[in-house]
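Per our numbering, the very first residue in the sequence shown carries number 5; after that it's consecutive.
Think of the CB as a built atom: it goes at the ideal place given N, C-alpha and C, for glycine as much as any other residue.
Treat the numbers as computed from the prediction; the structure is a model and nothing was measured.
Have a look at the structure below, then the notes.
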Amino acid sequence: TLTDAIAFKLGLNDRQGSVDNGSSISDTHEEEKTRKMSIFADTFSAVHKCNNGQDYLVTFTDTPGAPGFYGQARGAVRAADFAVIVVDAASGIEAGTIRSWQICTKHNLSAIAFAVTGLDKDNTSYEKTIQEIRENFGKGCCPITAQTAEGTINILDKEDLPEELGETRTFLAESAAETSEELMNKYFEEGTLSPAEIRSGLLVGVSEGSIHPIYAVSPLSGKGLPEMLDSICKLLPGPGVRQFADIEGNVQPSDADAPFTAQVWRTEIDTFVGQLSFIRILSGTLTPGATLQNNNTNTTEVVSGLLQIIGKKQQQVQIAGPGEIVALPKLKNTHTGDTLCAVGTTTVLPPIDYPQSVMHVAISAKTQADEDKIGTAMKRLQDSDPTLLFEKNEETKEVIMKGLGDIHVDVAVALMKSQSNVNVEISTPKVAYRETITGVGEGHHRHKKQTGGHGQFGEVYLRIAPMAEGDTEWFVDKTVGGSIPGNFMPAVEKGVKEGLLKGAVAGYPVQGVKVEVYDGSFHPVDSSEVAFKIAAARAFREAMSQAKPSLLEPIMTVTITIPDSYMGAITGDLNHRRGRVLGMEMQDNLQVITAEVPLAELFQYPAQLRSLTGSRGSHEMTFARYDIVPSQIAKKIAAARETELAFDDE
5 TLTDAIAFKL
15 GLNDRQGSVD
25 NGSSISDTHE
35 EEKTRKMSIF
45 ADTFSAVHKC
55 NNGQDYLVTF
65 TDTPGAPGFY
75 GQARGAVRAA
85 DFAVIVVDAA
95 SGIEAGTIRS
105 WQICTKHNLS
115 AIAFAVTGLD
125 KDNTSYEKTI
135 QEIRENFGKG
145 CCPITAQTAE
155 GTINILDKED
165 LPEELGETRT
175 FLAESAAETS
185 EELMNKYFEE
195 GTLSPAEIRS
205 GLLVGVSEGS
215 IHPIYAVSPL
225 SGKGLPEMLD
235 SICKLLPGPG
245 VRQFADIEGN
255 VQPSDADAPF
265 TAQVWRTEID
275 TFVGQLSFIR
285 ILSGTLTPGA
295 TLQNNNTNTT
305 EVVSGLLQII
315 GKKQQQVQIA
325 GPGEIVALPK
335 LKNTHTGDTL
345 CAVGTTTVLP
355 PIDYPQSVMH
365 VAISAKTQAD
375 EDKIGTAMKR
385 LQDSDPTLLF
395 EKNEETKEVI
405 MKGLGDIHVD
415 VAVALMKSQS
425 NVNVEISTPK
435 VAYRETITGV
445 GEGHHRHKKQ
455 TGGHGQFGEV
465 YLRIAPMAEG
475 DTEWFVDKTV
485 GGSIPGNFMP
495 AVEKGVKEGL
505 LKGAVAGYPV
515 QGVKVEVYDG
525 SFHPVDSSEV
535 AFKIAAARAF
545 REAMSQAKPS
555 LLEPIMTVTI
565 TIPDSYMGAI
575 TGDLNHRRGR
585 VLGMEMQDNL
595 QVITAEVPLA
605 ELFQYPAQLR
615 SLTGSRGSHE
625 MTFARYDIVP
635 SQIAKKIAAA
645 RETELAFDDE
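Next comes the structure, spelled out in structure tokens:
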């Protein structure tokens, strides 16, 4: 709603857009309009004439707030010089507010401001919201504007402030004084600073990240909007203040005459135009027809045109320089995160850090026609959303789609239909279990077969035991006296490897086992590699059955971030999921729980976490290790696996 108000104020629309009626400038895709929520980061640029008479070109990127789509915010943060985090005075600081702050600070975007909206709602207080912002993000958060009975006031510039705002002006002066020794000395000597001196100190503090402006604004009425835009242009940093370094640490100059450097921070698949690559220009100047070098793919691209995107409108521009964001159509070998440079340069910018997936589903095409197109559909989705991952699980033979939540996955399925006309079905993935042993077992097999002419003969004695931690030698030849000739030992090892593919509990691959071959026999005529391979595989199977075989399951390390009031519900739910809490700590006034949970218990967790916390919780997970499945659960898994294998055989 705020970006719609800004776009209307800057003359980009003849009326203010609305999320409710589907006319928002930031919600251009049908999925966004249907769900009434942002899914993609949408950018628009316009010129604002400041109250000092100067024109400023400002580019805004509206990013999604929902946890399933915050990967878009990470790309936008890479392209930005500053951030404005919107806080609804009626709701206060929410999990999404803190997540937005963390994304900015983690990715070195230090210039952060706050826009407090919703002050026209009942039971709201600007002062209370300011206090809450300070409690969460530090005392350097300073109100620059306030709404009074007279209208919106710029506390920094207004000469005759209302008495109740005098203390705030003093606070601004103190904050400005702390940014330099000269201002501090003057403040101590005279007890005050001029508006110009306060502004100069605030400029330094905002750029360094020690001061964060707060603005009071009512998007629907437009109150506070001109004052906020004026202050953004005067107080928040433009291109050149935030430093962008390449992977070798070289800072890119914000200079129109320097060699061209830009990074693709977002890719969009447009139904009519095709691929649009949004770039943030760091240095140099770009015009249509230029040839650029992609230093990630070692290819060259010809720029057919430069586009500024405003909602659904596309405007051709003839030149763009440092700080500008433009879209380049139809690049052939360029993807999100790639570095585009002048030909002959070697600059490579760091990749964009995207969040780990937390939702896994198996996908399959509904029809053969869908099967033929599903590969193209998946590539399109990944190009536009790098937080979506697709991989083929060779063990389970399933195609797995990984995303940031159930809504994220639902949207991906809908986009496959709308973008590529592909219908898919989703289901809970099969777990890639493993097997191991907890004891020692011995196995023996003599393979003897006479078929006329040369027969087959091979005899193997072996012993298996759990692999010791740090031991890397899993297969050991301990035969003596040539009981198995050396030329047949590779065949024995192959046979053991074949046995490792199918364990004794439920037929899953075996790991963590050390094998010692200690005896055997051979026939000078009938022995062969095939005979010893068969003998070794069957000897291993016998040893496995004696060595206390166990089923293993993947264990994930889960980090859950929630408001403190949900601690009881979340820890109780983790216990229900066979989880083990490793620790708890407070970060930014939120509880962060670290736990280990079996992957089998997490496939539906994003939806259940949202339900338990009213959408105020988020989580991340990474693979930790394989661990033994409790015996009762292992029996159920083994029975289901037996049925599955029998069905496959049929």
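Where residue i and residue j are concerned, what is the direct C-alpha to C-alpha distance, given to the nearest angstrom?
i, j, result
"N337", "N300", "10 Å"
"P230", "G155", "12 Å"
"R581", "G507", "26 Å"
"Q636", "G409", "30 Å"
"G15", "G21", "12 Å"
"E186", "T174", "17 Å"
"S308", "A93", "46 Å"
"D24", "K40", "7 Å"
"P610", "Y191", "52 Å"
"A599", "F627", "12 Å"
"T183", "T149", "21 Å"
"L123", "K227", "10 Å"
"E305", "F282", "14 Å"
"S235", "N17", "22 Å"
"S525", "H449", "10 Å"
"K452", "E473", "38 Å"
"S30", "V62", "16 Å"
Can you list, in chain order, the residues of its chain whose CB lies under 6 Å from that of residue i, leaving out five sequence neighbours each side?
i, result
"D342", "V268, N298 and N300"
"P390", "T340 and Y358"
"T349", "P263"
"V365", "M405, V413 and I430"
"A638", "L555"
"Y1", "Past the boundaries of the shown model lies residue 1; the chain is included only from 5 to 654, so the question cannot be answered."
For residue i, tell me which candidate among the options has the shortest Cα-Cα distance.
i, options, result
"Q312", "V306, L240 and G325", "G325"
"S258", "T575, M471, R78 and P241", "P241"
"D631", "I107, T442 and E272", "T442"
"D59", "L290, P355 and K238", "K238"
"C145", "H216, V120, A84 and L207", "H216"
"V417", "E35, A543, G15 and M571", "E35"
"I218", "S184, P166 and P147", "P147"
"E212", "A117, E272, T598 and A535", "A117"
"H4", "P223, K370, N158 and D85", "No information on residue 4 is available, as it lies outside the stretch 5 to 654 that the chain covers here."
"K162", "S198, S184 and T183", "S198"
"S287", "A346, Q318, L649 and G516", "A346"
"Q591", "G75, F141 and N17", "F141"
"T271", "D261, T265 and R284", "R284"
"N397", "G170, V435 and Q320", "V435"
"R620", "A50, Q595 and R629", "Q595"
"L280", "I378, T380 and D46", "D46"
"R584", "N593, I597 and A573", "I597"
"P243", "N254, T483, I329 and E178", "I329"
"V90", "V120, A70 and A80", "V120"
"M588", "E605, G516, T565 and P489", "T565"
"A50", "K13, S28 and A80", "K13"
Who are the near neighbours of residue i in its chain, counting only those whose CB is closer than 7 Å to its CB and skipping five residues on each side?
i, result
"I43", "H33, E35, E36, P68, F73 and V415"
"A469", "V444 and K518"
"A181", "L187, M188, Y191, L197 and G205"
"P166", "T152"
"A495", "E533, F536 and K537"
"L385", "L392, A416, L419 and M420"
"K316", "T32"
"T380", "S424"
Sorted by chain position, which residues of the same chain lie with C-beta nearer than 8 Å to residue i's C-beta, five sequence neighbours on each side aside?
i, result
"E624", "P359, Q360, V362, V562 and T563"
"T432", "V365, A366, F607 and Q608"
"S225", "D124"
"V480", "K518, V519, E520 and V521"
> Do the stretch 544-564 and the stretch 496-513 make contact, defined as three or more Cβ pairs closer than 8 Å?
Replying inline: Counting C-beta pairs with one atom in each stretch, the stretch 544-564 and the stretch 496-513 have three or more that are closer than 8 Å, which means they touch.
> Can you give, in chain order, each stretch of the alpha helix (DSSP H) that sits fully within the stretch 172-198 and has at least 4 residues?
Replying inline: Runs of the alpha helix (DSSP H) lying entirely within the stretch 172-198, each at least 4 residues long, are 185-194 in chain order.
> If you pair each beta-carbon of the stretch 424-440 with each one of the stretch 536-543, do three or more pairs fall below 8 Å?
Replying inline: The stretch 424-440 is not in contact with the stretch 536-543.
> Which runs of the beta strand (DSSP E), 3 residues or longer, sit entirely within the stretch 135-165?
Replying inline: The qualifying runs are 145-147, 149-152 and 155-158.
>> Could you tell me which whole beta strand (DSSP E) segments of length 3 or greater appear in the stretch 589-649?
In response: Considered as a whole, the stretch 589-649 harbours 594-602 and 622-632 as its complete beta strand (DSSP E) runs of no fewer than 3 residues, in chain order.
> Is the number of C-beta pairs between the stretch 511-522 and the stretch 453-470 that are closer than 8 Å three or more?
Replying inline: Because the criterion of three Cβ pairs below 8 Å is met, the stretch 511-522 and the stretch 453-470 touch.
> Contact between the stretch 114-134 and the stretch 93-104: three or more CB pairs below 8 Å?
Replying inline: The answer is yes - the stretch 93-104 touches the stretch 114-134, with three or more Cβ pairs under 8 Å.
>> Restricting to runs no shorter than 3 residues, where is the beta strand (DSSP E) found entirely within the stretch 196-233?
In response: Entirely contained in the stretch 196-233, the beta strand (DSSP E) runs reaching 3 residues are, in chain order, 216-220.
>> Could you tell me which whole beta strand (DSSP E) segments of length 3 or greater appear in the stretch 516-603?
In response: Within the stretch 516-603, the complete beta strand (DSSP E) runs of at least 3 residues are 517-525, 553-566, 584-591 and 594-602.
>> Restricting to runs no shorter than 4 residues, where is the alpha helix (DSSP H) found entirely within the stretch 475-520?
In response: Listed in chain order, they are 493-504.
>> Which runs of the alpha helix (DSSP H) at least 4 residues long sit entirely within the stretch 367-400? Give them in chain order.
In response: Within the stretch 367-400, the complete alpha helix (DSSP H) runs of at least 4 residues are 372-388.
> Curious, which full-length beta strand (DSSP E) runs of at least 3 residues does the stretch 423-471 contain?
Replying inline: Within the stretch 423-471, the complete beta strand (DSSP E) runs of at least 3 residues are 428-431, 438-441, 445-453 and 460-470.
> Does the count of Cβ pairs from the stretch 320-334 and the stretch 289-297 closer than 8 Å reach three?
Replying inline: Yes, the stretch 320-334 touches the stretch 289-297.
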